[in-house]
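Chemist:
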Amino acid sequence: MTATSSTAPTSVRLAVVAALLSFAAGAGDAFAFAELGGVFTANMTGSLVLSGLTNQPGYGSLVSGAAVALAAFLIAVYVASRAAPKRPQAQWSRIRVVLVAVVALDLVVLILKSVSSTPGTALRLMMLAVSAAAMGSQTAAAKRAAGGSGVTTTFVTGTLTSLAQDAADGSTRHAVVRVGVVVMLFLGALTASWAMAIDARLGPAVAAVGTTVAILAFPRTRGPAS
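Under my numbering, the first residue of the sequence shown is numbered 16, with each subsequent residue one higher.
1) Return the Cβ separation of A57 and L143 in integer angstroms, given the expectation that the two are a contact with Cβ distance under 8 Å.
2) Classify G73 as buried or exposed, calling it buried when 16 or more other Cβ atoms lie within 10 Å of its own Cβ.
3) In this structure, how does DSSP classify D181 when only helix, strand and coil are distinguished?
4) May I have the straight-line CA-CA distance separating V115 from R159, to the nearest angstrom?
5) Output needed for A99: all residues of its chain with C-beta closer than 8 Å, excluding positions within five of it in sequence on either side, in chain order.
6) For A204, collect the residues of the same chain with a Cβ closer than 6 Å to its Cβ; drop the 5 residues on either side in sequence, then sort them by chain order.
7) Going by the beta-carbon positions, is the gap between T226 and D121 smaller than 8 Å?
8) Tell me, to the nearest whole angstrom, how far the beta carbon of L51 is from that of R139; I am working on the premise that it is less than 8 Å.
9) Roughly how many angstroms separate the alpha carbons of A87 and L200, rounded to a whole number?
10) For D121, does the three-state DSSP call read helix, strand or coil?
11) Taking A212 as the reference, which of S26, V27, L29, A49 has the closest Cα?
12) Does the beta-carbon distance from L65 to A81 come in below 8 Å?
13) Following the continuous alpha helix (DSSP H) through S132, name the residue where it begins and the one where it ends.
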């Protein structure tokens, strides 16, 4: 079997995985923003910008939530990156393990939300930490699998920038997966919004389902490095 024929199915699978993880991130962020005090747990840049709006009501709660989410996100990125080191010879089973942990964290958020529909400060901060840990872990796993495609699944400004720069350079490489990731982020948020209109706990459930399907779509073995 040639290198091209062996890597093509893997490339397609990874594109699908990236789109599904982006869908999950959109759902997770929609839930956090709507139910946990207007704080993002995937889009850290957004939370940092919101933290600068000092004259809005509940500013102290917003800042504390954003700080907890940022700390949990960064710690999770570090831990997940250590769990799935950047080694070409490594099997992708480690990335799948990280993604399984993401699903577990999403389910913990669902359980915590079930404890109280209107959580107090301590429970809200705990939910933010767990949700941000899920998104940080997912970000690390997705970056390990993405290679040189410039695709991120929890914050898409970088993906959009790569898409626009490649277009300016006359290249369409990775364009389909990049556009797919952006669209799926929106669809994840939209789906979670519809689901939360029925039951707020369905927000993290939508994220967990998206990541679970991504795990099922993940390649079983690692192809040659590109």
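Backbone N, C-alpha and C fix where the C-beta goes; we use that ideal spot for every residue, glycine too.
Modeler: Reading from the atomic positions:
1) With a Cβ gap of about 12 Å, A57 and L143 do not count as contacting.
2) exposed
3) Assignment of D181 by DSSP, reduced to helix, strand and coil, places it in the helix class.
4) Whole-angstrom Cα-Cα distance: 15 Å.
5) Counting only residues of its own chain and dropping the five nearest sequence neighbours on each side, A99 has a CB closer than 8 Å to the CB of A105, R109, I110, V112, V113, A155, A156, R159.
6) Hits under 6 Å: G41, A45.
7) In contact: T226 and D121 (Cβ atoms closer than 8 Å).
8) 6 Å
9) 21 Å
10) helix
11) Cα-wise, what sits closest to A212 is A49.
12) Yes, these two residues count as a Cβ contact at 8 Å.
13) It is not in any alpha helix (DSSP H) - S132 carries neither H nor E in the DSSP assignment.
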